[in-house]
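Report on the following structure.
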Amino acid sequence: MLRLIGRRLLLMVPTLILASILIFLLAEVLPGNVGRSILGQYATPEDVAALNRELGADRPLVVRYVAWAGNFVTGDWGESPVQKVPVRPYVMAALWNSLILAGFALILIVPTSIVLGVFSGLRRDSALDRVITVSTLSMTVIPEFVSGVVLLYVFAVWLKWLPVTALAPEGAPFYERLYYLILPAIPLMFLELGYIARMARVGTVQVLSMPYIRTAVLKGVPRSRVVFGHVLRNAMVPTVTVIGSQVGWLIGGLVVVETLFSYPGIGKVMVESALNHDVPVLEASVLMVAVVYMFANLVADIVVALLNPRIRKGG
Amino acid sequence: MSAAEQPTSAVTPGAAALEVDDLEVTFHRRGRRLPVLKGVTLKIERGQAYGLVGESGCGKTTLAMAAMRYLASNGTLDNGRVLVDGQDVSTLSEEALRKWRGGKVAMVYQDPTQALSPAMRIGDQLAEVYHYHEGMNKKEALEQARESLRRVAIPDPDGTLRRYPFELSGGQQQRVVIAMALAVNPQLLILDEPTTGLDATVEAEILDLIEELRGRINAAILLITHNLGLVVRLCERVGVLYAGRLVEEGSAKEVFTDPRHPYTMGLLRCVPRFGMNKTDAALQTIPGTLPALGDPLEGCVYSARCPMAQPVCKRREPDFYAWPGDAAIRGQAEAEAMPPDPAAYSPHHAMPVGESSRHTRCYFTADVESMPHLTPVLATSLDERGGDTDVLDIDSMVRTFKDGSKKLTAVANVSLSLKKGETFGLVGESGSGKTTLAKCVTGLIPADSGTVTFEGGILKSTAGKRSQDALRAIQMVFQNPDSTLNPAWSTRQILTRAVRKLGGAKEGSVRAKVDKLSADVRVEPRFLFQRPTELSGGQKQRIAIARAFAGDPHLVICDEPASALDVSVQASILNLLVELQTKEQASYVFISHDLAVVRYISDRIGVMYLAELIEVGAAADVFDPPHHPYTEALLSSIPRLDFEKQRDRIPLRGSMPSLTDPPSGCRFHTRCHRSLGDICAQQVPPDMDAGNGHTYRCHIPPDELLALQQAGASEPEPAETL
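Taken in order, these protein sequences are the chains called A and B.
Counting in my numbering, the first sequence runs from 1 upward without gaps.
Counting in my numbering, the second sequence runs from 316 upward without gaps.
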């Protein structure tokens, strides 16, 4: 097991290097001249050249990459030329906000969708199964800006049960911050529910058809024990993998929800930095999302290994 | 254990272990009623073993599931009762049913790799039974679990308790399943194809275990199998099921030596008898196929396929007549007196007529003995098939794999040759290197060293480097046609592509060639427009064979081509291969774990053990003494169809050694029953020459070995046919 984790951690190094190269190329090379893209098309060539020299953008590509990556690893993420603030605290604060929102959303999503999915899998083709499947799938097809606006209007504006914004006032205790996050988390739950519940359902149906479930039933094990001891453990494997892959989106893909509820998350930071040619911020935030995504997948793989002795013992 | 000695509270004292009474089970699919069991009546007395045979789809497993009250959700029990130990299964409450399953009735399943929960330790899975049936706490239950593993003779029961199923071999897993089934001392033990898919030696071990346990448990046995030899070995009584109807029933010995229903006779004639060869007897096949569920049947369920069917058979279904006496006289008379009314199909003839221990559902019972043979002998002698020129010559082939940090030798220095039109049978347990050898010859994987000479030229190591002609000339037929035929294509497309790729035919003649191929393999043209998923297993394998023959190959490697098929289909596939060989003069390498099949189809046979070819010779020579002790043990392990000649099995000691670290000296010495001691462990044995090109790798010279082996065994048996 430890060997498995160690190996996966080691494997993350080349993956991260590859990701950082891609991010670097996309952010600095593809737009062409860095100085020009920051200063705009009306700046004089001298100003552009001066800025390029100041940013080090006139050096060869490899040197620039190595310098950037080296600085990143040592924690020197530079200063945002647009915001005029140090990049690291700026990006990390946004990332932290996103993690809280995503974590809160996951706490809502994972148990609900698994319970719904397993239930409809166990009662396959029953009325309950149809109701769960149809309702979760129709929730999934509602775009988050639609459900978000409706929820915002009903619960925040009309009923006034929940706050309009997602960000609690400065210095608010943790539970109050969660209270502020309820409203933005629900559209995310809608989006994910159908998908994850579907996976849980398919997994359950598949495992129920396996001969070893028949063995368990026919050796006289009670149904509850069959479900909890034999079905769930094996049925959850694909679901866990899917949840792991959804974390990346929950961290970095929430621009709409973050904008709607004016929540300073990393999704918003990425979009703004891209629009404002804020290259250091863009690079740092995208790279951090990649790191979080990889860790989420690692956690998912570890859970899968815990569920499946074959993977665990394979090392 | 004391509770286990006592039969648990019998509801009716002296009741039969299983009584199935006019049972009708129907499946419902898209509003259609598909009757699976159409009135089955049978009885298994306490302590008796009853074999239920028939092709797949006859309803055998459905009957078992009805006894467990575990029908699929679209299945209904429409009529009749199932009584286990005098108690009607359908009247049980949910909780009583739970206690019943595993307590009164227990089951052993076909595929042990699928029957155990993959993510739960063996100990926990066994302990569950004791916990939920006897209310033991975890510690006691685990203690009992250890005991139960000991009972089924698992080496290292303590270690096994902590293992997961995937850490055990197939044979060990089946032992665990058996231990689980016997945990609470059931009244009825259902064995559903308990050894299918296991190697011959493992199968023999499991059979020994079941036989041995039978002396100690008081459970009656319902054995469901397509392997008639198993029934002979284990059962006193046998029932033959066809299309949801019991067509013959009686003592196993009587039914198999003197069958009185054409279907039973057909099944028995399909199976190659021990020692039978294609040049002296033909395998009989059963024409047609099992009717699909829901197909309307008029009269006798078997009449459509019966070579003896008379008009009366289609008018009215025969009753289940007692034999002898009743059936011959009453049946015939009834048949003749029958008014010609085509609509007079009465589905209610489940109950046996007349008092006898034998019944058969046929009007012409007395004529079954002389049922006509349908297939003529197909094979010509090897000389007529070309038999003099070498086609394939393998010289010192080695193939290794990496197993973690270790090196695993899958094929160790194997040399063999094959003549034109010859069939070379390759036998050995799984993991002995048969398939790897085949893959190296076809170039699917390269050999590490050694040469393959094909029709005089040395072949390149991989298929990608070989010439188009060489590719076309060497083809393969695999065990599972499901995974070798593209499911998205129609069979015509599959064959057309094969003809284009391999046949080198001109555009205009492609169609003609496809038609000829499908005619050669006897696939009706209408099936050419269907996809593989819509075909039966036998038809799919025919298409796979047609595909292999698209380019008029000179060498076809058949890797277990008939192992997954029913006996009647297996016979027709084997006949087809023989027929194509006679016509095309192709050579075959025929890989199978079924020794009787290999003996039947092969001219020469090679035996592999742990990556080495330890014996080669003419089929008859290899199967008769003197032969390698491993071959001797392998042959002794097969359940036979003949009753008198059940000989003592030679058990192989221990388990198969690892290929990464094979034993020194003779690789077989760790398990050999004729070991000479140190010399076998230290020196690699020479290839002994037993004459007629028959060699075996052993330290014992032929004359000594012959004396040893004849002392233990009976005389060579002639092939006997019904």
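Note that CB positions come from ideal geometry on N, CA and C, so glycine has one too.
Quick caveat, the model's predicted, so the values are computed rather than measured.
Contact between B:Met451 and B:Gln440 is absent: CB atoms are separated by about 14 Å, not below the 8 Å threshold. Here A:Leu9 is exposed. Its C-beta has fewer than 16 other C-beta atoms within 10 Å.
About 7 Å separates the beta carbons of A:Tyr263 and A:Asn97, which is inside the 8 Å limit, making them a contact pair.
Approximately 7 Å separates the beta-carbon atoms of A:Thr215 and B:Tyr424; this is inside 8 Å, confirming the contact. Counting along the chain, no alpha helix (DSSP H) covers B:Phe842, and no H or E run does either. Counting of Cβ neighbours within 10 angstroms places A:Met1 among the exposed residues, the total staying below 16.
For A:Val87, the CB contacts under 7 Å within the same chain, skipping 5 residues up- and downstream, are Trp77, Gly78, Glu79, Ser80, Pro280, Val281, Ala284 in chain order. Secondary-structure assignment with DSSP links A:Pro86 through a beta bridge to A:Glu79. Per DSSP, A:Gln41 has no beta-bridge partner at all. Contacts between A:Met210 and chain B, judged by CB atoms closer than 7 Å, involve Gln429 in chain order. Taking the CA atoms as reference points, A:Ile17 sits about 21 Å from A:Gly56. In the DSSP assignment, B:Ser566 falls within the unbroken beta strand (DSSP E) covering 560-566. Note on the region 186-248 of chain A: whole alpha helix (DSSP H) runs with a minimum of 4 residues are 211-218, in chain order.
With distances taken between CA atoms, B:Gln487 lies nearest to B:Pro470 out of B:Thr738, B:Asp936, B:Pro470, B:Arg548.
Shown here is that no member of the region 13-32 of chain A has a Cβ falling below 8 Å from a Cβ of chain B. With respect to the 8 Å criterion, B:Tyr365 and B:Leu538 are classified as neighbours on the basis of their beta carbons. Interface residue (Cβ-Cβ distance to chain A less than 8 Å): B:Pro1001 is not classified as such. Look at A:Gly6: its C-beta is not under 8 Å from any C-beta on chain B.
Linking A:Tyr293 to A:Val255 through their CA atoms gives a straight-line distance of about 17 Å.
At a beta-carbon threshold of 7 Å, the residues of chain A lying near B:Ala434 are Arg233, Asn234, Leu307, Asn308, Pro309, ordered along the chain. Chain B has no Cβ within less than 8 Å of the Cβ of A:Ala172. For the region 475-486 of chain B, the residues whose beta carbon sits under 7 Å from a beta carbon of chain A are, in order, Tyr479, Phe481. Cβ contact annotation for B:Asp710 (same chain, cutoff 6 Å, sequence separation greater than five): Ser730, Gly765, Thr766, in chain order. Here A:Pro111 is exposed: its Cβ has fewer than 16 other Cβ atoms, across all protein chains shown, within 10 Å. Residue pairing by DSSP places B:Phe342 opposite B:Leu349, B:Gly390 in a beta bridge. In this structure the region 685-702 of chain B touches the region 881-896 of chain B; the number of beta carbon pairs closer than 8 Å is three or more. A distance below 6 Å between beta-carbons, with the five flanking residues on each side excluded, links B:Ser745 to the following residues of its chain, in chain order: Asp514.
Taking a contact to require three or more Cβ pairs closer than 8 Å, the region 231-242 of chain A and the region 287-306 of chain A qualify as touching. Excluding sequence positions up to five before and after B:Pro639, its CB lies within less than 8 Å of the CB of Ser671, Arg673, all in the same chain and listed in chain order. Look at B:Asn728 here: in three-state DSSP terms it is strand.
Within the same chain, Ala364, Tyr365, Gly366, Leu538, Ala567 come within 7 Å of B:Cys550 by CB-CB distance, once the 5 residues on both sides are set aside.
At a cut-off of 8 Å, the C-beta of B:Lys414 has a neighbouring C-beta in chain A. At a cut-off of 8 Å, the C-beta of B:Glu462 has no neighbouring C-beta in chain A.
Note on geometry: alpha-carbon atoms of B:Phe938 and B:Thr946 lie some 8 Å from one another.
Legend: CB atoms of the region 217-230 of chain A lying less than 9 Å from CB atoms of chain B belong to residues Val217, Leu218, Lys219, Gly220, Val221, Pro222, Arg223, Arg225, Gly229, His230. According to the DSSP secondary-structure assignment, B:Cys873 is paired through a beta bridge with B:Val792, B:Phe905.
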